[in-house]
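Numbering (our numbering), first residue to last: 186 to 595. Scroll down for the structure; my scribbles are underneath it.
What follows is the structure, given as C-alpha cells:
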C-alpha cells in the first residue's frame, strides 16, 4: 500500500523551491496556451505531437527542473484537456447544456513540481530531490524511511507560507498476528464515534468538533450577509472573500485535527486490545431521507461520517485490521437484552419491558456488535459504564502504531 508523508522543505531551500514552482508554472501555462490555440483553429492533435512540441519549446529555455519534472508539468495540462473533452462528449451525448464546460484556459504563475522515482534518491537517511545536471538539489536530512519514495510533489502551503514535499512511499502491510476481537463503531452526530468490543463502551466526545462546526456556520453566515451588500469585484468584496477563505481554511484544519487524532486513537486502541475486525454502521443514503427541519437538516448534511469511515479504513489497512459494514437500521431502538423496541428519549435509553438502562449511542454500538457476531448480551451486570475520550491538543494513542519518518506519531 502507498502512504503519503508531508515533509517541510528546509529554510535554505525555500527560494529554490519557489523558483522551481515558477518554472513549472511557465511550462504548464505554455501547454495550456498551445492546446487552446489548437482548439480555436479546430486542429486535433495527438499526444505524440503535443509532447514533441513541448519538448522542442522546453529545449530552447534554460529551466533547472529535472527532465521528468518538466514532462510532468505539461502532462498535467494534457490530462486536464483530455478530461474536459470526455466531459463535453458525455454531456453532448445526453443532450445537456455544454456552454459552461470550458477547456483549461487559466495560466499559472506557480505550479506544483512533480519528482518522479528517477529524481529521488535515499542514502543514509538523507532524501535527495534532483534537478537538472549541474544544478542544486533539495536535501532532506534525518528522514527515517527504509525505501526510497516512488513519487513526490513540491507544494506551497498558503496557511504556513512555505513549501512542503508530499512524499509517497510504498509500505508493506505489517505482518502481525491478527487479533480475534471485534469492535463495533456507531457513527453519530453528537458523538462522532461510539465503540463496543464485547465488554466495554468507548465514547469519543463530540463537544469540540460540534463547537467548531457551529462557529464556522456563524462566521460564514456573518460574512455572507456582509457580502450580499457589496458590489461583486469591489475592494470590500475581495477583502471579505479573503476573510471567508481564511476562516474556512483555519477551521477546516482544526476539524481535520480532531478527526485525525480520534481515528488514530481508535486504531491504537484496537492494536493494543487485539481487535482484528472493525464493524461500521452503513449510513449510505441517510441524507436523502432527512427532513427534520432546517437546524437538524444542517447537522445531518454536515455530518462527516463518510470522512471518518474513510480514515478508519485507511489506517486500519495499515495496521492489518479488517473493516466491514453492516446495516444499522433500528440499532438505537432495539433493547440488547430482550429485543423489544423502544424509542429513546434524550441521550438515555430505557427499556419498558425489562428495565435495561444505558447510553443511547452505546446501545447502538452494542446492537451493531450483536448484528455482526450474532451474540446475545446475557449478563447485563457485567456491562461497565461507558468510558469517554475527550479531545485534547496532544491526545496520545494507547500505543505507537504509526510512526512518522521525521519522528512524529499519528
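Even for Gly, the Cβ is constructed at its ideal location relative to N, Cα and C. Please read all numbers here as calculations on a predicted model, not as lab measurements.
Distance, Cα to Cα, residue i vs residue j?
i           : j           : result
residue 255 : residue 427 : 32 Å
residue 659 : residue 347 : With the chain running from 186 to 595 in the structure shown, residue 659 is simply not present.
residue 403 : residue 369 : 34 Å
residue 528 : residue 558 : 24 Å
residue 356 : residue 446 : 21 Å
residue 480 : residue 572 : 29 Å
residue 353 : residue 310 : 16 Å
residue 568 : residue 467 : 25 Å
residue 417 : residue 462 : 53 Å
residue 434 : residue 400 : 13 Å
residue 238 : residue 291 : 20 Å
residue 405 : residue 432 : 8 Å
residue 564 : residue 448 : In this prediction, residue 564 has a pLDDT of 48, which is less than 50 and means its spatial position is unreliable; nothing more can be read from the coordinates.
residue 548 : residue 533 : 9 Å
residue 233 : residue 210 : 22 Å
residue 371 : residue 385 : 14 Å
residue 191 : residue 336 : 12 Å
residue 579 : residue 325 : 26 Å
residue 240 : residue 298 : 17 Å
residue 440 : residue 498 : 19 Å
residue 341 : residue 195 : 13 Å
residue 327 : residue 544 : 48 Å
residue 282 : residue 482 : 31 Å
residue 581 : residue 387 : 16 Å
Please list the terminal residues of the continuous beta strand (DSSP E) segment that includes residue i.
i           : result
residue 378 : 378 to 381
residue 337 : 336 to 342
residue 306 : 305 to 308
residue 323 : 323 to 326
residue 507 : 507 to 512
residue 535 : 533 to 535
Strictly by DSSP, which residues pair up with residue i?
i           : result
residue 395 : Answer is none; residue 395 lacks a bridge partner.
residue 400 : Residue 400 pairs with nothing; no bridge assigned.
residue 368 : 463
residue 573 : 388
residue 193 : 349
residue 355 : 187
residue 530 : 533
residue 300 : 337
residue 412 : Bridge partners of residue 412: none, in fact.
residue 312 : 307 and 325
residue 293 : Its beta-bridge partners do not exist; DSSP assigns none.
residue 318 : Bridge partners of residue 318: none, in fact.
residue 519 : 526
residue 542 : 535
Which same chain residues end up closer than 7 Å to residue i when comparing Cβ atoms and leaving out the 5 residues on each side of it in sequence?
i           : result
residue 415 : 421, 422 and 425
residue 197 : none
residue 393 : 443 and 576
residue 511 : 464, 466, 467, 553, 556 and 557
residue 373 : 379 and 546
residue 296 : 206, 209, 210, 213 and 258
residue 293 : 210, 213 and 214
residue 322 : 313, 314, 315 and 316
For residue i, which residues from the same chain have a beta carbon less than 8 Å from its beta carbon, with the 5 sequence-adjacent residues on both sides left out?
i           : result
residue 412 : 422, 425, 426 and 429
residue 288 : 220, 221, 224, 266, 269 and 270
residue 525 : 519, 536, 537, 538 and 539
residue 343 : 434
residue 408 : 425, 428, 429 and 432
residue 200 : none
Name the two residues that bound the continuous alpha helix (DSSP H) containing residue i.
i           : result
residue 597 : Lying before the first or after the last residue shown, residue 597 is absent from the chain, which here runs from 186 to 595.
residue 236 : 232 to 244
residue 557 : 545 to 558
residue 429 : 420 to 457
residue 480 : 479 to 486
residue 264 : 252 to 278
residue 494 : 490 to 503
Which same chain residues, not among the five before or five after residue i, have their C-beta less than 6 Å away from its C-beta?
i           : result
residue 575 : 390
residue 217 : 262 and 289
residue 577 : none
residue 365 : 461
residue 301 : 253
residue 583 : 453, 454 and 457
residue 542 : 535
residue 484 : 374
residue 599 : Because the chain is modelled from 186 through 595, residue 599 falls outside the range shown and cannot be assessed.
Item to check | Three-pair Cβ contact test at 8 Å for the segment 534 to 552 versus the segment 474 to 494 | outcome: no
Checklist entry - Taking contact to mean at least 3 C-beta pairs separated by less than 8 Å, is the segment 216 to 232 in contact with the segment 271 to 286? => result no
Checklist entry - Would you call the segment 313 to 328 and the segment 296 to 305 touching, i.e. three or more CB-CB distances under 8 Å? => result yes
Next on the checklist: Pairs of beta-carbons, one from the segment 370 to 387 and one from the segment 228 to 247, closer than 8 Å: are there three or more?
Outcome noted: no
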